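Asker: Structure in structure tokens, see below.
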Amino acid sequence: MEPQVIAERELCGLVNGLAQQIADHVRERAAALGLTAPQATALREMTGPMTMRELAERMSCEPSNATFVVDKLEKLELVERRPHPTDRRARQLILTAKGEELRGKLLDLLVRDSPLAALDAGEQRALQRLLERAIVRRDHTDG
């Protein structure tokens, strides 16, 4: 087997392993707060008011999946849907005070013993830049 093929296979294995560790970490931390992993992901990604489409993009899922998750978060009184201030066809998702509080607890839990904690801040930024380059390059070759 060619060295490049072996290197790529090994790198893919490492990336997949890291992704699985991160998913497991999110699932464990979410469960500690009585949430599912998708609910925790939605709360993590809600950095401010946003549309369902924006949230779905951040969650890397279809809008219908994000809607299902938000429906559950709304029943838990963590999220509200409000009219969008500039687009009368859209609704905006807003964290409630209870949602903000739970999101803060979640973020604290997510950074504890994170699979990325072994990397210092500079190494995390370097990894982020490399992954962004790989993903952007892939996105441009799909079209």
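188 is the number of the first residue of the sequence shown in our numbering; add one for each residue after it.
Heads up, the beta-carbon is just placed ideally off N, CA and C, and yes, glycines get one too.
If you're wondering where the values come from, they're calculated on a predicted model, not measured in any experiment.
(1) In this structure, what does DSSP give as the bridge partners for Val266?
(2) For Gly330, count the other beta carbons within 10 Å of its own beta carbon; 16 or more makes it buried, fewer makes it exposed. Which is it?
(3) Taking Cβ to Cβ, would you say Leu280 is nearer than 8 Å to Leu230?
(4) Below 7 Å CB to CB, which residues in the same chain sit around Arg333 once its five sequence neighbours on both sides are set aside?
(5) Give every residue of the same chain whose Cβ lies closer than 7 Å to the Cβ of Leu303, excluding the five residues on either side of it in the sequence, and list them in chain order.
(6) Keeping to the same chain, check which residues put their C-beta closer than 8 Å to that of Arg260; ignore five residues upstream and five downstream.
(7) So, are the CB atoms of Arg216 and Leu289 less than 8 Å apart?
(8) Skipping 5 residues on each side, what residues in its chain have a beta carbon closer than 7 Å to that of Ile209?
(9) Suppose you measure from the CA of Asp300 to the CA of Thr273; what does that come to, to the nearest Å?
(10) Using CA atoms only, rank isn't needed, just tell me which of Leu198, Ile193, Arg196, Leu205 is closest to Ala305.
(11) Starting from Met237, follow its DSSP beta bridges and name the residues at the other end.
(12) Looking only at C-alpha atoms, which of Gly221, Arg240, Glu195, Ile193 sits nearest to Lys292?
Answerer: Short version:
(1) BP columns for Val266 point to Leu282.
(2) Low per-residue confidence applies at Gly330: pLDDT is 48, beneath 50, and the placement is therefore not dependable enough to give any value.
(3) no
(4) This structure cannot settle anything about residue 333, because the visible part of the chain is limited to 188 through 330.
(5) Gln311, listed in sequence order.
(6) The question names Arg, but residue 260 is Leu in the sequence shown. Closer than 8 Å at the Cβ level, and outside the excluded window around Leu260, lie Gln226, Ala229, Leu230, Val266, Gly286.
(7) no
(8) Pro302
(9) Those two C-alpha atoms are separated by around 41 Å.
(10) Considering only alpha carbons, the answer is Leu205.
(11) Leu280
(12) Gly221
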